[in-house]
Every structure is written in C-alpha cells, then in structure tokens.
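Each residue of the sequence shown is one higher than the one before, starting from 94 at the first, in our numbering. Notes to accompany the following structure.
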Amino acid sequence: MRIAVPRETAPGERRVALVPESCKKLIQAGYQIAVEAGAGDAAGFADAEYRQLGVDLQTDAAALLGSAELVLKVTAPAGRESQRDEVQWMRPGAIYVGSLMPLRNLDATRALAARHVTAFATDAIPRTTRAQSMDTLSSMANISGYKGVLLAAVELDRYFPMLMTAAGMVRPAKVFVIGAGVAGLQAIATAKRLGANVVATDVRPEVKEQIESVGAKYVGIELKDSAAAGGGYARELSEDDRRRQSQLLAEECAQSDVVITTALIGGVFAPRLIAADTVSKMKPGSIIVDLAADGGGNCELSKPGQTVRSGDVTILAPLNVPSTMAYHASLLFSRNLTAFVLAFTKDGAFQLDFNDDIQQGAVITHDGDVKHARTREALQKRQ
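Quick look at the structure:
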C-alpha cells in the first residue's frame, strides 16, 4: 500500500505528518511512502533525510495524492476554496488519517464524504488505554500547555520564582490555570518548574488529585450536577453552577499575576469563562494566555491570533501553538499516526475494521456518508 504525505499549506502551519524515523518503521512494515518535496523543511526535517530511507520525493502534489491509497496529514485537506484542492486530488476509496477536527472543518468533511474517502480523525480517537499512543489531541495539548506558560513568562514584567537576593526577597508570581486536561496539567507542571505559586481549577472535581499531584493548589465549587462528559472532557454547566463558577474565577483572577486558560467543551469549542468585567479588576501588569483561542477563546476580550491590552492587562490568544514547536510537535504527531496505522496493518496494508472501538470512534466519513454523529448533526443544521 502506498502512503502519501503532502506538504501542509494552512497559514502558519509548520508541522509535517511523518518524520523520517516513522517512515523507516512503516517501510519495514511493507508500505511504500511518497512525500511532497519540502514537506518537512519548516519542522527541521530535510528532503535528504527522507531520500536516504528510500522515500519517493515528489513535486507534483496532485500526482502524489492521486497515487496513494493512504494519505497522512496534520490538518484537514484543502478544498475547493484553495488553489490546492487536495480532496479532489485523492482517489475515491482512499483513506485519510489526520487531525481533521470535523466540527471546525465541516466543508472539508462534506467534501471527503462526497469523494468517497474514508476519513479518520485522530482528534476523535477514544481516550482509552489502548489508544493512548495514537492520541494526537493529547500530544499537541501537552505542547500547548508548556509553551503557554513560557509565553506568559516572557510577557510578565516580574519573576516567576521566589528569589533571595542581596537586595532582599522577591515574592513568586501567582499563576492561575483554568482547566486541568492535558494542556492544563502541563501548564501547571511547567509553571511550578519555573518556581511560581500555582493554583488551578476544573469543573470536574475528580481531577483535584491530578492537579495536586503536579504541585498546584486546587480551588473549585461544589457542583449540583456532574460536569464530566466522558472521555476526559467536560460538558456545559447549569446556569446556577455557571454563576458560582464565574464568581470563583473572578476572585482568583483578581489575585493572580498570570492566568492560563485551557477549557474546551468536548475538546472542540471554548466556553466563555473570563468576562470583561473580571479583566478590569485584575492587577496591573497581569497576563492572560488564552490557550483555547483555536476554539473561540475562554476570555471575552481575546482576539484569536492577536495580543491585546485591556487597561493594564495583556491578553495573548495564540493560534496553533504546537506549530511554534514544529520539530517536537511533528515528531510526536508522527509517532501517533504511525501507532494508529501499524495497529491496523496486515501484510503491508491498512485494514478497515469498524468493529474495532478505535476505528469506530475515529471514523468520520466512509463510503459516501458522514459516520460521526455530532458532525452529521452539525452538517444537517447547516442545510
């Protein structure tokens, strides 16, 4: 079976779906691999590294995609709105594997179904022990949590750690992390390593132990209804719980030097958690890093992709944070894709098996239909 790895063309995207070490493993498993020339350049992987492994380097993206049974990408394939109509370049019956984010990319999803491409979204892979090695969402969230704290540390006009100097003691910065998923826990751990005093919250009280295990103090309210939605995600709160949670967030933000937000509903859309009024009461010089900007943002004043000031508060809302660490982001993403492909490989070919819980959870389109229930409902609402 032939695998194609096209160059990523989304604005600001520097990652590559397969790095050379993964190509070697897949070739050993019996696959033929073709990579678009220059696909790995921005991530630090030169064409020569692929060529040495016997990878076929191609300059014609249409021919590359048209010759492959299996297409591996970081992002959703470009559609008719682009000069590169990657969906139409794929052969009918081909298999796509990548971070499709179908609810954010409904047009691409519809086009994949119409093209009779079987699309697997690695961001929809079930959060199970068996599937951990394939979970690109967690791998990329880990990077976001780490980098988000570094962005805050650079922007903040004071130290993170407590210092004892000849001029006297410097108190540590207080960092407040909202959301204790993968990104939030990594943000906590990174802020602690930098010496900050870290407080964190999550609407799922069962993660209190995880927050404390990485060195933060847990703060939270007692919810009337469970906020856990399964798969490590949170659901929307009731009106009363939301009001009490907002009060808690406002109080903690007012006392913090840095606020890191990571909250997503269902891993896709960002609830508004920090109101403009809350920002107005924060300390002068404080920083908000909204790591949920790709989903719309947790802060009312966030402008995705921009850094803005509201009074004396600076709000960063970076997009596609993993791409800013393209080398390691590509390495981890590639390992996730390779684990997924090899788990279903037999005799050098990827085997479809929708009785398997991983494929069943990750399949978005197949045989002309949208199989993913939430995506299908979203598409129906648009009609």
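Where is the CB? At the ideal position from N, CA and C, for every residue including glycine.
Proximity winner among the options, relative to residue i (alpha-carbon distances)
i, options, result
"D405", "D449, N429 and I380", "I380"
"Q121", "D460, Q476 and T438", "T438"
"L357", "K310, D178, L230 and V312", "L230"
"Q125", "A103, P104 and V98", "V98"
"E114", "L146, P104 and G123", "L146"
"R173", "A207, Q151 and A156", "A207"
"G454", "L409, G133, A212 and G388", "A212"
"T407", "L424, V372, N429 and R107", "V372"
"A132", "A154, V109, C116 and R428", "V109"
"K310", "E299, T294, L316 and P298", "T294"
"R223", "R264, N429, L163 and V312", "N429"
"G274", "N198, S160, Y143 and S237", "S237"
"D178", "A127, Q340, I218 and T102", "T102"
"D78", "V242, T458, L157 and S232", "Residue 78 lies beyond the range of the chain shown here (94 to 476); nothing can be said about it."
"L111", "G123, M94 and L165", "L165"
"S427", "S349, G159, I314 and V167", "V167"
"V291", "V351, T221 and L193", "V351"
"V210", "V312, G389, T400 and A161", "A161"
Helix, strand or coil at residue i according to DSSP, with G and I counted as helix
i, result
"N235", "helix"
"I451", "helix"
"H209", "coil"
"M257", "strand"
"G191", "strand"
"R100", "coil"
"T433", "It is Phe, not Thr, that sits at residue 433 in the sequence shown. F433 falls in the helix class under three-state DSSP."
"S349", "coil"
"A322", "Model confidence at A322 stands at a pLDDT of 49, short of 50, so the residue's coordinates are unreliable; what they give is reported in the following sentence. Three-state result, A322: strand."
"V167", "coil"
"I120", "helix"
"F426", "helix"
"S226", "helix"
"A110", "coil"
"K396", "coil"
"M94", "coil"
"R458", "Here residue 458 turns out to be Thr, not Arg, going by the sequence shown. T458 falls in the strand class under three-state DSSP."
"L412", "coil"
"I281", "helix"
"M183", "coil"
"M418", "helix"
"R203", "helix"
"V263", "strand"
"V361", "coil"
"R197", "coil"
"L287", "coil"
Which residues DSSP lists as bridging residue i, in chain order
i, result
"Y311", "A293"
"S373", "Beta-bridge pairing links S373 to no other residue."
"Q151", "E129"
"T354", "I271 and D383"
"V247", "Looking at the DSSP assignment, V247 forms no beta bridge with any residue, so it has no partner."
"A442", "K439"
"A214", "G191"
"R402", "T407"
"I367", "C392"
"V463", "T458"
Residue i, buried or exposed, once every other Cβ within 10 Å from all chains shown has been counted against 16
i, result
"P185", "exposed"
"F447", "exposed"
"M262", "exposed"
"P104", "exposed"
"F129", "Reading off the sequence, residue 129 comes out as Glu, not Phe. Its Cβ being crowded by 16 or more others within 10 Å, E129 is buried."
"I257", "The sequence given here places Met at residue 257; Ile does not occur at that position. With fewer than 16 Cβ atoms within 10 Å of its Cβ, M257 is classed as exposed."
"E345", "buried"
"R100", "buried"
"A141", "exposed"
"Q151", "buried"
"Q473", "exposed"
"D450", "exposed"
"A385", "buried"
"Q338", "buried"
"P377", "exposed"
"L163", "buried"
"V456", "buried"
"L409", "buried"
"A260", "exposed"
"R297", "buried"
"T355", "buried"
Chain B within 9 Å of residue i, Cβ atoms only
i, result
"D178", "No chain B is part of this structure, which consists of one protein chain only."
Item checked: Three CB pairs or more closer than 8 Å across the segment 386 to 403 and the segment 364 to 374 -> yes
Note to self: Quick test of the definition: if touching needs 3 or more C-beta pairs under 8 Å, does the segment 259 to 271 touch the segment 280 to 293?
What the structure shows: yes
Item checked: Touch test, the segment 459 to 472 against the segment 184 to 204, Cβ-Cβ under 8 Å, three pairs minimum -> yes
Note to self: Tell me whether the segment 250 to 266 and the segment 422 to 438 touch, counting them as touching only if at least three CB pairs, one residue from each stretch, are closer than 8 Å.
What the structure shows: no
Margin query: Does the segment 131 to 141 come into contact with the segment 406 to 425, if we say contact requires no fewer than three beta-carbon pairs (one atom in each stretch) closer than 8 Å?
Written below: yes
Notebook entry, point to check: Taking one C-beta from the segment 299 to 307 and one from the segment 332 to 350 each time, how about it: are there three or more such pairs within less than 8 Å?
Noted result: no
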